[in-house]
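Notes follow once the structure below has been shown.
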Amino acid sequence: MEALLELYNQMGISPAVYEYGEKALAGLTERFAQIDKIAELNQAKVIAAMQKNRVSAACFAATTGYGYDDVGRDNLERVYADVFHTEAALVRPQITCGTHALTVALSANLLPGDELLSPVGLPYDTLQEVIGIRESPCSLKEYGVSYRQVDLLPDGSFDYDGIKKAINEKTKLVTIQRSKGYATRPTFSVTQIGELIAFVKSIKPDIVCMVDNCYGEFVEEIEPSDVGADMTVGSLIKNPGGGLAPIGGYIVGTKNCIDRCAYRLSAPGLGQEVGANLGLMPALYQGFFMAPTVVAGAEKGAIFAANLYEPLGFRCVPDAKESRHDIIQAVELKSEEGMIAFCKGIQAAAPVDSFATPLPWDMPGYNDKVIMAAGAFVQGSSIELSADGPIRPPYAVYFQGGLTWQHAKLGILMSLQKMMDAGLVEL
Ligand SMILES: *Cc1c(COP(=O)(O)O)cnc(C)c1O
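Heads up: the sequence shown is residues 565 to 991, going by our numbering.
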């Protein structure tokens, strides 16, 4: 391994940082093996769905214009529906991002006078304008959809009493965010989400339960759609795109909900019949095929990061030992300087744009300044190695992705090196 050490040294990683990393890694063999086991199951799930739906070269052909009878697109949606065990799926490059997918799911299934309930506290930053928690033209609030929220209890668990009280005759849809987003609460397991859905439906059976599944796909053996979610929603430039999808979002769920989503995305009457694939099918199929192993690599990176930073006195969420339900690792770096140094390291380890210097900026949709490190083949892709976070206490950087475990490892070592270089940690 002398060649590796020498190369790392040339790249700026000191022997001390490398050795510290190797020590942390030695204790992780068992956990990494468990992750590989889950990846094996999810890989088999995807292959079985592709075989069942007879995926062939014909599915990879480009279509343009209206996209009527788009075999590749329609079949990809059946593959998604089979993997998530749902009646239907909407998987489209015309869905521009995760926020868009969630917006389609919400606005298609909420009518004026209906109420939306979040039983898990404040939703992800960009959804606040969608809902109207922060004012915006075309928010759900502007269309007469009211919003109610029940915060988590101080220990991070669901406030079942509060939720029961909040559900009323207007409550139409419950939105459950699986991943922590830019919060430092724990991410929910699919089992926990299932318990929450069962509770909500025991009070009012016809409530539509939607799960924001961003960053959660393929981390566990089951998905929210396996535990009663009517709609499960995510972005293709996160987990299920496997790093290859250049754009897109998905919504899987009941036929009734997905039909409405399709009418909202295109037009009433048109629904899923239109939407040319623009030649993106090879990337969307192959990305979905790669996704289980890519997610496994990203998860190993997240665990490695926690096991590197926690012993140095930085709070990590999840902590170094905890079980994982998404690929995000929050590391509280205690200062703006810490966030900048960490992000510089991630950037410096990237295959693309490694020469760039990440700086805090005012990003649309976010309330505080945000810093982002990303040197990605797909711009903004956060299944590729990336780190970001709003500049506000506790100065947590949210670290995620890595198309390969080896790249994730290099990025984390480099982040630690930059922290050391800035005098913010000592080994
Ligand atoms: C990424 C993310 C979204 C959507 O974000 P986009 O940047 O629009 O794709 C929504 N919710 C959560 C929890 C997320 O992590």
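Glycine included, every Cβ here is placed at the ideal spot set by N, Cα and C.
8 angstroms Cβ cutoff met for residue i and residue j
i: D689; j: Y930; result: yes
i: E781; j: P804; result: yes
i: A612; j: I822; result: no
i: G812; j: I659; result: yes
i: M927; j: V934; result: yes
i: V714; j: I727; result: yes
i: P683; j: P882; result: no
i: A665; j: S799; result: yes
i: L737; j: L674; result: yes
i: V797; j: I771; result: no
i: M903; j: V858; result: no
i: Q981; j: G576; result: yes
i: P687; j: T735; result: no
i: A937; j: V895; result: no
i: C778; j: G953; result: no
i: F763; j: Y827; result: no
i: I695; j: I731; result: no
i: P810; j: A840; result: no
i: L681; j: R712; result: yes
i: L829; j: V643; result: no
i: A588; j: L872; result: yes
i: G792; j: F853; result: no
i: E594; j: K819; result: no
i: I888; j: A866; result: Just to set this straight, residue 888 is Arg in the shown sequence, not Ile. For R888 and A866, yes; Cβs fall inside 8 angstroms.
Buried/exposed call for residue i, threshold 16 Cβ in 10 Å
i: I910; result: buried
i: G627; result: One detail in the question is off: residue 627 reads as Thr in this sequence, not Gly. When all chains shown are included, T627 counts as buried.
i: C907; result: buried
i: G817; result: buried
i: K864; result: buried
i: Q692; result: buried
i: P856; result: buried
i: Y632; result: exposed
i: D794; result: buried
i: W925; result: exposed
i: V656; result: Note that residue 656 is Arg in the sequence shown here, rather than Val. Label assigned to R656: buried.
i: M565; result: exposed
i: G629; result: exposed
i: P957; result: exposed
i: D600; result: exposed
i: S950; result: buried
i: A912; result: buried
i: S979; result: buried
i: Q893; result: buried
i: A603; result: buried
i: N639; result: buried
i: F722; result: buried
i: K729; result: exposed
i: L717; result: exposed
Residue i Cβ short of 7 angstroms to ligand 1 heavy atom set
i: G758; result: no
i: S799; result: yes
i: C778; result: yes
i: G975; result: no
i: T748; result: no
i: Q741; result: yes
i: C702; result: no
i: T667; result: no
i: Y930; result: no
i: K802; result: yes
i: T796; result: no
i: Y688; result: yes
i: T755; result: no
i: C661; result: yes
i: G745; result: yes
Cβ separation of residue i and residue j, assumed to be a contact under 8 angstroms, to the nearest whole Å
i: V783; j: I947; result: Their Cβ separation, rounded to whole angstroms, is 12 angstroms, which puts V783 and I947 out of contact at 8 angstroms.
i: A862; j: G965; result: 5 angstroms
i: H649; j: S789; result: 6 angstroms
i: S703; j: E679; result: Not really, about 14 angstroms apart at Cβ, beyond 8 angstroms.
i: I761; j: R742; result: Actually they are not in contact, since the Cβ atoms of I761 and R742 sit about 12 angstroms apart, beyond 8 angstroms.
i: A914; j: G944; result: At roughly 13 angstroms, the Cβ-Cβ gap does not stay under 8 angstroms, so A914 and G944 are not in contact.
i: M984; j: L991; result: 7 angstroms
i: L569; j: Y582; result: 6 angstroms
i: L988; j: E901; result: 6 angstroms
i: N532; j: D646; result: What is shown of the chain runs 565 to 991, which leaves residue 532 out entirely.
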